[in-house]
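Using this note's numbering, you'd call the opening residue of the sequence shown number 42 and step up by one each time. Using N, Cα and C, we set each Cβ at its ideal position, and we do this for glycine too. All values derive from a computational prediction rather than experimental measurement. Following: one structure in structure tokens, then a few remarks.
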Amino acid sequence: MSKTLALTLFIFATSAHYGQTLTARILDSVTKKPIPYVTVQLNNRGMITNEEGRFTFILNDQVAPTDSLHISSIGYASIGKPIQEFSEGIIYLNPKAIELNPVIVTNKNYTPKEILELVEDNLSKNYNMGYGKKRLFLRETYQNTVLKSEYVIKKSTIDAFNKDFLDSVVRSIPKSNTYYTEMLGDLYGGADEDEQKLDLIKASELYDKNKALDFEALEKKFDAIIEENVKPDSYFKIKSGLFGTKIDEEEMDGLFETDIDSTDTAALNAYLEKEKEKKEERRKFFSSFKRKTLGNLYTNLPIFDDSDYNIIFKPRKYDLVLENYTYIGDEPVYVISFVPDGRADYRGTLYINSDDFALIRMDFENVKPLRDFKLLGVSINEYLAKGRIIFNKGDDGKYHLGYYDVVKGVRVGINRPLKIIEKNKNVKGRRKQNELAMKIDAAFGNRNRYELVIFNESPINSGEYEAFKENNDVLPEYMPNYDPDFWKGYDIIEPNQAIKEFTSETEFGDP
């Protein structure tokens with residue numbers, strides 16, 4: 042017999058406007074360690090604990106003291122009690138002993154492949170494949186690191202373009218930077234990535250502007266050197282060593298400009314104005330970027346046949362092992378591990394309800410780089426993609442996405458020559474005037490995390506989907522330091538300690 046479970050929950054009042062807040066940390070009763078990714082449900086709203094086992098729920102006017110809070114996690118005994126019976130800030134979950142269901146053992150002796158076939162057969166019964174409205178919260182974390190920034194000047198006929206100047210440019214590039222963005226909204230759509238509409242409610246950006254590369258300051262330095270050292274009717278040719286041919290700007294996204302005429306003031310001003318407009322559009326159409334991110338995450342779920350995580354639909358590409366039986370709450374679950382048998386990209390674990398054959402959780406990690414590109418001194422290595430996907434059963438008897446957490450890592454390298462040549466079309470004879478030739482050896486690392494929590498989802502018909510019109514004018518609010526009051530009154534996934542402790546070196550106002 043297990044010992045008595047100590048159930049505690051800290052309930053504190055904020056303000057009359059925001060109502061009350063339930064905040065707690067969930068720990069293992071034996072190890073006293075936090076339990077991450079625990080499902081917490083209140084009425085028809087779902088929540089997930091963060092990696093530190095913390096969660097917060099907003100108690101609005103529709104929540105009664107007698108409403109029950111339900112807590113469940115893989116391998117632990119579930120909890121369900123009225124809110125009024127909780128009193129402090131820690132919840133201990135008891136590990137649940139595995140008692141094999143005799144029905145599973147004797148009458149359902151399926152192979153792992155047969156289990157996945159049953160999962161596929163029951164997809165339409167277990168999941169809403171049509172349109173839905175999802176209240177969700179998305180947190181994105183971007184971590185950028187300069188791994189290498191070396192260069193060698195081969196030739197420079199302009200004295201100002203020397204090692205001291207280029208060293209100052211390199212020093213101005215932050216060696217590491219972290220950028221957080223958060224948003225709350227309603228997503229309307231179905232299984233098609235392009236069929237998504239977003240009603241953005243609130244958003245924030247948290248980063249240090251001191252670590253944002255100041256392109257305008259660099260541009261002024263370069264402009265001063267150009268104005269002092271080159272002829273007013275010169276133009277420039279940039280050679281990157283890519284076959285020595287003209288590269289279309291649209292194809293390379295403006296990375297390499299072939300010919301720029303510095304005498305065409307109107308064209309130059311138009312170019313600079315276009316660049317400013319791009320920056321403004323990035324802020325103005327913030328919601329469109331988030332809609333695309335959400336659409337990509339949602340439509341890449343393993344319950345869809347064109348997902349990157351195609352284990353259900355292509356089990357022959359994997360070695361499958363029925364590892365164990367466990368429980369999520371009181372639901373018996375098959376635990377199936379998978380590793381590639383050939384050219385597949387991922388390994389991981391599937392948790393499948395043994396009664397209705399619904400996939401309720403998937404943990405995954407790539408076993409090889411998803412992309413490893415090297416050509417002419419440019420390299421791109423997508424070395425990391427790992428995470429977990431959790432589905433929760435709703436009051437409608439269907440399973441809905443509850444939590445999606447994925448971390449992606451990319452390394453980019455550039456090891457190639459670069460020439461910037463000044464030419465003058467009005468000089469007789471040789472048009473070449475000045476040249477800067479150098480060899481660049483640089484490498485950058487990007488590690489991005491996407492945390493998506495769905496609080497509730499309701500099905501809608503095609504007419505309701507068509508009737509909804511986006512009218513997003515919400516822009517993210519810039520924060521130089523973490524503000525615990527920004528999300529007051531809203532359900533979000535609890536930030537981890539790194540976010541709570543984030544501070545900028547110098548505070549700025551809104552951009």
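When rounded, the separation of the alpha-carbon atoms in Y491 and L179 is 7 Å.
Below 8 Å, enough C-beta pairs join the segment 89-102 and the segment 62-80 to call them touching: three or more.
Y506 and L416 have their C-alpha atoms some 45 Å from each other. Counting every other CB atom within 10 Å of its CB across the protein chains shown gives I132 a total of 16 or more, marking it as buried. Straight-line spacing of the CA atoms in Y168 and L342 works out to 12 Å.
In the DSSP assignment, T340 falls within the unbroken alpha helix (DSSP H) covering F327 to T340. In the three-state reduction of the DSSP assignment, K204 falls in the helix class, which pools H, G and I. Q237 is classed as buried because its beta carbon has at least 16 other beta carbons within 10 Å across all chains shown. Residue G454 holds the alpha-carbon nearest to the alpha-carbon of L188 among A539, N497, E535 and G454.
Boundaries of the alpha helix (DSSP H) around Y506: S503 to A508. By the Cβ neighbour-count rule, V468 is exposed, with fewer than 16 other Cβ atoms within 10 Å of its own. Setting aside the 5 residues that flank it on each side, S209 has no residue in the same chain whose C-beta is closer than 7 Å to its C-beta. Pairing W528 with E518, the inter-Cα distance amounts to about 12 Å. Taking 7 Å as the cut-off, the beta carbon of L477 is found no closer than this to the beta carbon of I495. With a threshold of 16 other beta carbon atoms within 10 Å, S114 meets it and is buried.
In this structure, E546 places its C-beta atom within 7 Å of the C-beta atom of N251.
A residue is called buried once 16 or more other Cβ atoms fall within 10 Å of its Cβ, and A399 is buried on that count. Within its own chain, the residues whose Cβ lies closer than 7 Å to the Cβ of G389, once the five positions on either side in sequence are excluded, are F379, M403, D404, F405 and E406, listed in chain order. Exclusion of the five residues before and after I199 leaves N270 and N475 as the residues of its chain whose Cβ lies within less than 6 Å of its Cβ.
In the three-state reduction of the DSSP assignment, F263 falls in the helix class, which pools H, G and I. Ranking S395, N85 and H111 by CA distance to the CA of Q103 puts N85 first. A direct Cα-to-Cα measurement between I266 and K272 gives close to 11 Å. Secondary-structure assignment with DSSP links N407 through a beta bridge to Y387.
Looking at the DSSP output, Y531 bridges to nothing. When beta bridges are read from the DSSP output, V468 appears opposite no residue. By the neighbour-count criterion, in which 16 or more other beta carbons inside 10 Å mark a residue as buried, R452 falls on the buried side.
Taking all protein chains shown into account, D382 has fewer than 16 neighbouring C-beta atoms within 10 Å of its C-beta and is therefore exposed.
With a 10 Å radius around the Cβ and a threshold of 16 neighbouring Cβ atoms, S275 comes out buried. Rounded to whole angstroms, the gap between the alpha carbons of D264 and F277 is 13 Å. Within the same chain, and ignoring the five residues on either side of N489 in sequence, the residues whose Cβ sits closer than 6 Å to its Cβ are Y183 and K449.
In this structure, DSSP gives K541 a helical state, which the three-state scheme calls helix. With fewer than 16 other beta carbons inside 10 angstroms of its own, T107 counts as exposed. With respect to G428, V408 sits apart: the two C-beta atoms are not nearer than 7 Å. Excluding the 5 residues flanking it on each side, K358 has same chain C-beta neighbours closer than 7 Å at P381, D382, G383 and A385, in chain order. Under the DSSP assignment, E364 falls in the beta strand (DSSP E) whose first and last residues are Y359 to I369. Per the C-alpha coordinates, the member of K333, L247, M479 and N537 positioned closest to K280 is M479.
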